[in-house]
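Counting from 197, one number per residue, gives the positions in the sequence shown under this note's numbering.
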Amino acid sequence: GGGGGSAARRVAACARVVGLGSCGVDFLAQVSEYPSPDDKIRTTDFQVFGGGNAANTLCALGKLGVRPRLITKIGTDSNGDLIVNEAERSNVDCTYVLRSPETPSPFTYVIVDQKTSTRTCIHTPATEELTPQEMQPSMLEGCEWLHLDGRHTLAAVELATMANGKGIPVSLDAEKDRPHLDELITKADYLFTNSKYPFIYAEKHGGTGQQSAADAMRTVLQSLPRLKAVVTTMGAEGSLAITRDDMQNPIRCPAWPIDSKTIADSTGAGDAFIAGCLHCLSRQKTLEDSMSLGSYVAARKLLKLGARAGVPSLLEAKEEGAAVAELLV
């Protein structure tokens, strides 16, 4: 797989946040009600969007005025062209998006059920992963933060090891167990999770099934000496963080106020939340400020279909009012 020219010819633009992980195309069909087996129904809306956790987070950062760099592997197919074009429009440096004729670019059918405000995803993955051998120190050129979503896991272990050696902070977005994730998670300084993952991890590492979310998050921190904080998203209840420095006092951040009737789609809300957090964390802001900006970016995302369309630009965010503007300075 070439990837558009030899490594020697790759000259990447400066990027403050580098992300390695999944990208893809989401074919998003909105339906008034989820179909029963054998039903034939019509969409009320259909759109095509870029998707994938890491790519969503980086595109949101790009819109918010941070120059991110995406590292991933996709096909040489038309879906791959769509992925790169949309990322570049969002200010993402795609120098290290490697392209191989041997793999399809990942894509997902997303069915958004308007009646229950839920989404069902049917995913076709790439058949080829990034390899550790493809990771180069130049990928971290100018980088002040590395974000991983757990995909391309062995390559991620390699790049995270390089980042650890250079003193570049590493964040990991963990939603479920994956092969080699146990090795990757030891390299992370910050762990972002959904509401389920702390329990999955704690159960494997001596926690009890009866514990609270905060207790499960403490088990994660106690098992992983490198971690500074675990940040868990709780949907409408906002987010919760436990830090190594103050394990007994969780940081609670409410969801940004939003009328639930205006929510269009929850796809990618967690990715948008992480983007807001990384915008602050990569500038050495506090975790409280980071979670506040994350909660604002996620709330704005919810107002539009797809993972990316609702994410505000830097200008829109600054015009939101003083509470948001001061988080962006």
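All C-beta atoms in this analysis are idealised placements derived from N, C-alpha and C, irrespective of residue type, glycine included. Please read these numbers as outputs of a predicted model, since none were measured by experiment.
Query, Result
"Let me know the secondary structure DSSP gives glycine 506 once reduced to three states.", "coil"
"Cβ atoms of leucine 257 and leucine 510: under 8 angstroms apart, would you say?", "no"
"Ignore the nearest five residues each way along the sequence and tell me which others in alanine 495's own chain have a CB closer than 8 angstroms to its CB.", "Ala451, Trp452, Pro453 and Ile454"
"The beta strand (DSSP E) with alanine 251 in it runs from where to where?", "Alanine 251 -> not in any beta strand (DSSP E); alpha helix (DSSP H) instead, spanning 249 to 259."
"In three-state terms, what does DSSP make of alanine 519?", "helix"
"Taking only the alpha-carbon atoms, compute the straight-line gap between aspartate 345 and alanine 460 and give it to the nearest angstrom.", "25 angstroms"
"Just how far apart, CA to CA, sit threonine 470 and glutamate 298?", "Position check: residue 470 holds isoleucine in this sequence, whereas threonine was assumed. When rounded, the distance between both Cα atoms is 32 angstroms."
"Is aspartate 411 helix, strand or coil when you go by DSSP?", "helix"
"Output yes or no for whether 8 angstroms exceeds the beta carbon distance between leucine 350 and histidine 376.", "yes"
"With DSSP as the reference, label lysine 269 as helix, strand or coil.", "strand"
"So, at 6 angstroms on beta carbons, what are the nonlocal neighbours of methionine 331 in its own chain, with the 5 sequence-adjacent residues on each side left out?", "Ala351, Glu354 and Leu355"
"In whole angstroms, give me the CA-to-CA distance for glycine 363 and arginine 440.", "18 angstroms"
"CB isoleucine 279 to CB serine 296, shorter than 8 angstroms?", "no"
"Compare the C-alpha of valine 416 against each of Ala432, Ser488 and Ala437 and name the closest.", "Ala437"
"Between the region 366 to 380 and the region 235 to 248, are three or more C-beta pairs nearer than 8 angstroms?", "no"
"In angstroms, rounded to a whole number, what distance separates the CA positions of glycine 431 and leucine 326?", "31 angstroms"
"Nearest-angstrom Cα distance between arginine 347 and serine 456?", "32 angstroms"
"Nearest by alpha-carbon distance to histidine 343: which of Ala518, Ala384, Ile237 and Gly361 is it?", "Ala384"
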